[in-house]
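Colleague: Chains as they are written, first to last, in our numbering: chain A, 1 to 101; chain B, 1 to 253.
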Amino acid sequence: MSVDASWYLTLAAVLFSIGVVGLLVRRNVIVMFMCVELMLNAANLTFVTFARALDDVGGQVAVFFVLVVAAAEVVVGLGIIVAIFRRRVGATADDAHVLKG
Amino acid sequence: MTPGAPALLASATIPDALTFAVAAVICVVGALGVVLMRNPVHAALSLVMTLFGIAVLFVEEDAQFLAAIQVIVYTGAIVVLFLFVIMLLGVDRRERVTADVFRGQRVVALGLGLMVLAEVVLLARTRWVTGARSATGALEGPGTNVAKLGRAVFTAYLVPFEVTSALLVLAVVGAVVLARRPARTEPRRGAGASPGGEPGTPSGEGPAGDQASQEVPHAGDAGGAGRRGGGDGADQVGDGGGARLEPEEVVPR
């Protein structure tokens, strides 16, 4: 029997908060993207913790799907970033303030 | 921590508690590294650290298949993709921290983060709604973790599983469409990138630019890397100029 579930949930909360702060503080779009991944992983940890606490396989299946969606999201997101950079926009999110190319 | 919260060793053996503590420290240090590291490459490596810590926690929570997937997909594919894009675009220069657009943005961000933290910790530490146990299938009992997960995915969650295949196809198509260089602007960009060399004439500084306009990925990569190396050797001004010039060298994979 591992550590009590509330410890895992607290750790997930800490990771999620760090991700939130990073998303709000950093300007580099790629690093902001990494912070989103951090928040996704914190949510995954919560899913697995509840799967164990409630003895239900559904939590782990949810993490499975989150992984798939995260992979797709990263592919599309990085494609967008590459497309933005090709239009001579700088490295920060502030430089990309119009959607029209 | 509320007074009713259980201690770390309340229901766990010492090795379990120790594993959790070490993995938690690794996770938090890595997460802080993602936020605090100036260089995006270092941030990506810190992200790997966090992901490994979470994989250890998955093993600790009897989710062996997800731990393996976490290492293979996240650290093996997603972070490598991040590193590819970082190095392809040449943005692995240090972020200028002095340029603060919004006054007090950091303070507001920190306040918001602490608010989220307090809220979620409060929810985690107090009683939560437990709901039904083993609604879709039990995790405990005989059988391996992979077998249980596979049975659930291919029976109860079959339709979402099929939808994810469509999602993956869409993501691939979307990435190709997004990363493709527009065909009509190509000659102008090619001419702008290599003013010294005529198209098809391998002379002087031409090869990188020429081949980049013909969409040869390796040559484009080499050209981008060379330009970036030059930019790193120069000072801050040179870095900025390198980043401005960089997109023309970029070739979609």
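Heads up, the beta-carbon is just placed ideally off N, CA and C, and yes, glycines get one too.
Can you name the start and end residues of the alpha helix (DSSP H) that Asp4 (chain A) belongs to?
Modeller: Counted from its first residue, the first sequence places residue 4 (chain A) at position 4. Per DSSP, Asp4 (chain A) belongs to no alpha helix (DSSP H) and is neither H nor E.
Colleague: Just mark Gln60 (chain A) as buried or exposed, buried being the case when its beta carbon has 16 or more other beta carbons within 10 Å.
Modeller: As a working mapping, residue 60 (chain A) is identified with position 60 in the first sequence. Result: buried.
Colleague: In terms of residue numbering, what span does the alpha helix (DSSP H) encompassing Leu78 (chain A) cover?
Modeller: Position 78 of the first sequence, counting from 1, holds the residue named residue 78 (chain A). From DSSP, the alpha helix (DSSP H) with Leu78 (chain A) extends over Gly58 to Arg86.
Colleague: For Asn28 (chain A), which of helix, strand or coil comes out of DSSP?
Modeller: Sequence index remark: in the first sequence, residue 28 (chain A) carries index 28 (1-based). Asn28 (chain A): strand per DSSP, three-state reduction.
Colleague: Let's test the definition: count the other Cβ atoms within 10 Å of the Cβ of Gly229 (chain B) and tell me whether it reaches 16, buried, or not, exposed.
Modeller: Working through the second sequence from its first residue, we reach residue 229 (chain B) at position 229. Reliability of the predicted coordinates at Gly229 (chain B) is poor, the pLDDT of 40 falling under 50, and the value obtained from them is presented with this limitation in mind. Label assigned to Gly229 (chain B): exposed.
Colleague: Keeping to the same chain, check which residues put their C-beta closer than 6 Å to that of Thr50 (chain B); ignore five residues upstream and five downstream.
Modeller: To locate residue 50 (chain B), count along the second sequence from 1; it is residue 50. Correct list, in chain order: Cys27, Gly30 and Ala31.
Colleague: Does Val35 (chain B) have its Cβ less than 9 Å from a Cβ in chain A?
Modeller: The residue you call residue 35 (chain B) lines up with position 35 of the second sequence. At least one chain A Cβ lies under 9 Å of Val35 (chain B).
Colleague: Can you check whether the C-beta of Val103 (chain B) is within less than 9 Å of a C-beta belonging to chain A?
Modeller: Reading the second sequence from its first residue, position 103 is the one you call residue 103 (chain B). Note on identity: in this sequence residue 103 (chain B) is Arg, with Val being the wrong assignment. Answer no: the Cβ-Cβ gap between Arg103 (chain B) and chain A never drops below 9 Å.
Colleague: Counting only the same chain and skipping the five closest in sequence on each side, list residues whose C-beta sits under 7 Å from that of Asp4 (chain A).
Modeller: Your numbering for residue 4 (chain A) matches position 4 in the first sequence. Closer than 7 Å at Cβ, skipping near neighbours: no residue.
Colleague: For the candidate residues A:Arg52, A:Val29, A:Ala62 and A:Val63, whose alpha-carbon lies nearest to that of Gly79 (chain A)?
Modeller: Within the first sequence, numbered from 1, the residue matching residue 79 (chain A) stands at position 79. Nearest of A:Arg52, A:Val29, A:Ala62 and A:Val63 to Gly79 (chain A), Cα basis: A:Val29.
Colleague: Going by C-alpha to C-alpha distance, which of A:Val14, A:Leu40 and A:Ala53 sits closest to Ala135 (chain B)?
Modeller: One-based indexing of the second sequence puts residue 135 (chain B) at position 135. Here the closest residue by C-alpha is A:Ala53.
Colleague: Is it the case that the Cβ atoms of Phe64 (chain A) and Asp56 (chain A) are separated by a distance below 9 Å?
Modeller: Mapped onto the first sequence, residue 64 (chain A) falls at position 64. Mapped onto the first sequence, residue 56 (chain A) falls at position 56. Against a cut-off of 9 Å, the Cβ pair of Asp56 (chain A) and Phe64 (chain A) comes out as no contact.
Colleague: Is the region 133-151 of chain B touching the region 31-43 of chain A, taking contact as three or more C-beta pairs under 8 Å?
Modeller: At 8 Å Cβ cutoff, the stretches do not touch.
Colleague: Which bits of chain A does Gly174 (chain B) rub up against, with CB to CB less than 8 Å?
Modeller: For the purposes of this step, residue 174 (chain B) is identified with residue 174 of the second sequence, where counting begins at 1. Neighbours of Gly174 (chain B) on chain A, chain order: Val75, Val76 and Gly79.
Colleague: In whole angstroms, what separates the C-alpha of Gly84 (chain B) from that of Ala77 (chain B)?
Modeller: Counted from its first residue, the second sequence places residue 84 (chain B) at position 84. Counted from its first residue, the second sequence places residue 77 (chain B) at position 77. Reading the sequence as shown, one finds Phe at residue 84 (chain B) and not Gly. The straight-line gap from Cα to Cα measures roughly 10 Å.
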